[in-house]
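S.K.: Each residue of the sequence shown is one higher than the one before, counting from 186 in the numbering used here. Just so it is clear, CB atoms sit at the ideal spot from N, CA and C, and this is done for glycine as well. Given the structure is predicted, the values throughout are model-derived calculations rather than measurements. My questions all concern the structure below.
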Amino acid sequence: MSLNSYVLPDVEVVSTGPEKYRPKYHYTADKDWLSDPNGMVFHNGEFHLCYQHDAYDKVFGAMSWGHAVSKDLLHWQELPKVVEPDEHLGMCFSGCMVVDKQNTSGLGENALVGFYTSELPKQQQSMFYSTDSGRTFQKYAHNPVIRNTEDMSPDFRDPKVMWYEPRSLWVMALAGPERIEFWSSPNLIDWQLESWFGEGMGAHGGEWECPDLRRLPLDGDQNNCAWILIVSVNPGGPNGGCGTQYFIGDFSEVNGKLTFTSEQSQVKWLDWGIDNYAGVGWTNMEESPYGDRLYSIGWMNNWIYAYKTPTSQWRGVMTMIRELKLETIAGETILTCLPASFYSQLLGPELPNMRQVRLNHASRIGTSLSSSRVQISFADIGASDVGIELANDVGEVTRIGYSQANGQFYIDRTKSGNEDFAEGFAGVHTAMANREHQVLKIEVFIDRCSVEVFFNDGEYAMTELIYPDEPLSVIKPYGEAVLSTVNIRKMLPIKRTPINE
Ligand code: FRU
């Protein structure tokens, strides 16, 4: 079969209507507004994914928690909402769920216990629980469990709880306006402040939000672990608007208080693209078939234009689920970021005859690339920009590359399609390389309204929304280099079953 006639039957092209930009293999809510991922936990054979949801509108409004479950993190069954606003405590902002295996709370053995920020009369932490595997939830009768007293900041939100084995305690990370607080509790109900972190550390262009505290092995060595603290910041991200940074350090007792410390002098970004925010990880993974890994997911958007993205009926997309690993690369310890390995189950056959793809030559792929994975690698990189253009028949193009001269990786979406719906959307976004690269590996996961780019095996991630008018179908590697390998495969769609189906 020639390359030009190679079309996979499973991927239909929808180029008009409300479903035009509906992703094929990313999580979206059936309708209305979706933002931060919330409450991700593995429990009784299922992965839960909740999210900030306005069930009545396509913009931020009456925030509740939408909910879906999955057995494999690929295919999702939507369930009714977890918590909804009430007159007394108001809306339900971001938070988490944990499994209370030892019934420390007295709410039931293996109860699923959740925490969210209630916002009336000001931000405080409230609790809910389920004793039927997350099919029904009840708000705790004595909410809030952490009050916001007079001396405290009005910004006090996004609880993320973990079990801290060395002291047999629960630890909650909470975002203050520009710091992360750590609270502890023996029973998930009575909490006390331990310490806080953040002054003079990291990026402070805006408010700190959505923390996640984790212990991870360094280079896979379980005997050599470090603690990481993930912190979203809005604004103040690396390319404008919001972004997510992380700190590598230690979490231990200092002067009798559990304290996060870090000697990190530079800001480290989890993702340099402009559209990956509020990401945190699943808990209780050690009981899951995937084992004890840090799988995280983010909201693929930016608060600068989140209300205006050009979809109707539904608005808001999650990123792919990524595995974060603490690895040493060229002498520096970083969190590497790659799509979780289970996505290999969605890979369709390789497109044949990739020899047609040549350097500085535009190849029509003969099939839509709008749900696909492109891997391409270059060697002997010269001074000029090296990368790939992904284009369509109406001349829209997204450029993904590396500039040795500027020491930057980049995504250029200035001509990517529908980009004038909001000021600040069109742009060239960059990631600062910390050294020269002679070899460049680019892995791009393309979906109907996004590109998720992983440079050099996850050393740099960049996630961006794009809204091409027609599906991408042309690929052009460019620059002064040797084109080493090209591999293009379709991504098969995930199944997303709406409520009551
Ligand atoms: C992050 C955030 C959180 C807050 C939620 C409200 O995007 O601002 O801090 O809990 O969104 O939807």
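First and last residue of the beta strand (DSSP E) that includes K661?
M.R.: Here the beta strand (DSSP E) through K661 covers V659 to Y663.
S.K.: Kindly examine the ligand FRU and report whether one of its heavy atoms sits closer than 7 Å to the Cβ of E366.
M.R.: no
S.K.: With three or more C-beta pairs closer than 8 Å as the rule, is the region 397–410 touching the region 486–495?
M.R.: They do not touch, by the three-pair rule.
S.K.: So is the beta-carbon of S569 under 7 Å away from any non-hydrogen atom of the ligand FRU?
M.R.: Every heavy atom of the ligand FRU is 7 Å or more from the Cβ of S569, so no.
S.K.: Say yes only if the C-beta of M312 is nearer than 7 Å to one or more non-hydrogen atoms of the ligand FRU, and no if none qualify.
M.R.: No - the ligand FRU has no heavy atom lying nearer than 7 Å to the Cβ of M312.
S.K.: For W670 and A576, what's the separation of their Cα atoms in angstroms?
M.R.: This sequence places Thr at residue 670; Trp is not what is there. Whole-angstrom Cα-Cα distance: 20 Å.
S.K.: If you draw a straight line from the alpha carbon of H546 to that of K286, how long is it in whole angstroms?
M.R.: 58 Å
S.K.: When you compare the CB positions of I566 and M647, do they come within less than 8 Å of one another, or not?
M.R.: no
S.K.: Kindly list the residues whose CB is nearer than 8 Å to the CB of L219, restricted to its own chain and excluding five residues on each side of it in sequence; keep chain order.
M.R.: T213, Y236, Q237, H238, G251, W484, W499, R500, G501, V502 and M503
S.K.: Do L455 and C410 have their C-beta atoms within less than 8 Å of each other?
M.R.: no
S.K.: Helix, strand or coil for F594 per DSSP?
M.R.: strand
S.K.: With 16 as the cutoff for other CB atoms within 10 Å, does K675 come out buried or exposed?
M.R.: Around the C-beta of K675, 16 or more other C-beta atoms lie within 10 Å, and the residue is accordingly described as buried.
S.K.: From S529, S380, A618 and E535, pick the residue whose C-alpha is nearest to that of L258; which is it?
M.R.: S529
S.K.: If contacts are defined as beta-carbon pairs under 8 Å, then V579 and T599 qualify, I think. What distance do you get, rounded to the angstrom?
M.R.: Going by Cβ atoms, the distance from V579 to T599 rounds to 15 Å, so no, they are not a contact pair.
S.K.: With burial defined as no fewer than 16 other Cβ atoms inside 10 Å of the residue's Cβ, what is the status of L305: buried or exposed?
M.R.: Exposed is the label assigned to L305, since fewer than 16 other Cβ atoms lie within 10 Å of its Cβ.
S.K.: Tell me, to the nearest whole angstrom, how far the beta carbon of A360 is from that of D336; I am working on the premise that it is less than 8 Å.
M.R.: With a Cβ gap of about 18 Å, A360 and D336 do not count as contacting.
S.K.: Would you mind sorting E272 into buried or exposed? The rule is 16 or more other CB atoms within 10 Å of its CB.
M.R.: exposed
S.K.: Please name the residue, chosen from R400, K453, P495 and L509, that lies closest to L650 on a Cα-to-Cα basis.
M.R.: P495
S.K.: Beta carbon of S126: closer than 7 Å to some heavy atom of the ligand FRU?
M.R.: The structure shown does not extend to residue 126, since the chain is modelled only from 186 to 686, so the question has no answer here.
S.K.: Which residue spans inside the region 311–363 form an unbroken beta strand (DSSP E) run of at least 3?
M.R.: Within the region 311–363, the complete beta strand (DSSP E) segments at least 3 residues long are 342–349 and 354–360, listed from N- to C-terminus.
S.K.: For W250, report the span of its beta strand (DSSP E) as first-last.
M.R.: M248 to S255
S.K.: Quick check: P683 and E231, are their CB atoms within less than 8 Å of each other?
M.R.: No; because the gap between Cβ atoms is not below 8 Å, this pair is not in contact.
S.K.: Between the C-alpha atoms of Y206 and C281, what's the straight-line distance to the nearest angstrom?
M.R.: 29 Å
S.K.: Assuming F341 and V356 are in contact, meaning their beta carbons sit under 8 Å apart, how far apart are those beta carbons, in whole angstroms?
M.R.: Not confirmed; about 17 Å, so no contact.
S.K.: So what does DSSP say about M647, is it helix, strand or coil?
M.R.: DSSP places M647 in strand when its eight states are reduced to three.
S.K.: Going residue by residue through the region 375–448, where are the continuous beta strand (DSSP E) segments of at least 3 residues, counting only ones entirely within it?
M.R.: 377–382, 392–403, 406–419, 428–439 and 442–446
S.K.: Decide if the region 388–395 is in contact with the region 416–431; the criterion is three or more beta carbon pairs, one per stretch, under 8 Å apart.
M.R.: Short answer: they touch.
S.K.: Would you decide whether V298 is buried or exposed? Buried here means 16 or more other CB atoms lie within 10 Å of its CB.
M.R.: buried
S.K.: Count the other CB atoms within 10 Å of the CB of E197; is the residue buried (16 or more) or exposed (fewer)?
M.R.: Low local confidence applies: a pLDDT of 42 at E197 is under 50, so the model's placement there is unreliable, and no value is given.
S.K.: How long is the line joining the alpha carbons of S473 and F227, rounded to whole angstroms?
M.R.: 6 Å
S.K.: If you draw a straight line from the C-alpha of S190 to the C-alpha of I673, how long is it?
M.R.: At S190 the pLDDT is 27, less than 50, meaning the model places this residue with poor confidence and gives no usable figure here.
S.K.: Does the distance from the C-beta atom of G421 to that of G390 stay below 8 Å?
M.R.: Yes, Cβ-Cβ distance for G421 and G390 is below 8 Å.
S.K.: From I631 to V559, what distance separates their C-alpha atoms?
M.R.: 8 Å
S.K.: Within 10 angstroms of its Cβ, does S187 collect 16 or more other Cβ (buried), or is it exposed?
M.R.: Interpretation of S187 is limited by its pLDDT of 28, a score under 50 that renders its predicted location unreliable; the figure taken from the coordinates is listed afterwards. S187 should be labelled exposed.
S.K.: Taking buried to mean at least 16 other C-beta atoms within 10 Å of its own C-beta, is P194 buried or exposed?
M.R.: For P194, the predicted model reports a pLDDT of 34, less than 50, meaning its position is unreliable; a value from the coordinates is still stated below. Burial call: exposed.
S.K.: Tell me whether A576 counts as near the ligand FRU, meaning its Cβ is closer than 7 Å to at least one heavy atom of that ligand.
M.R.: no
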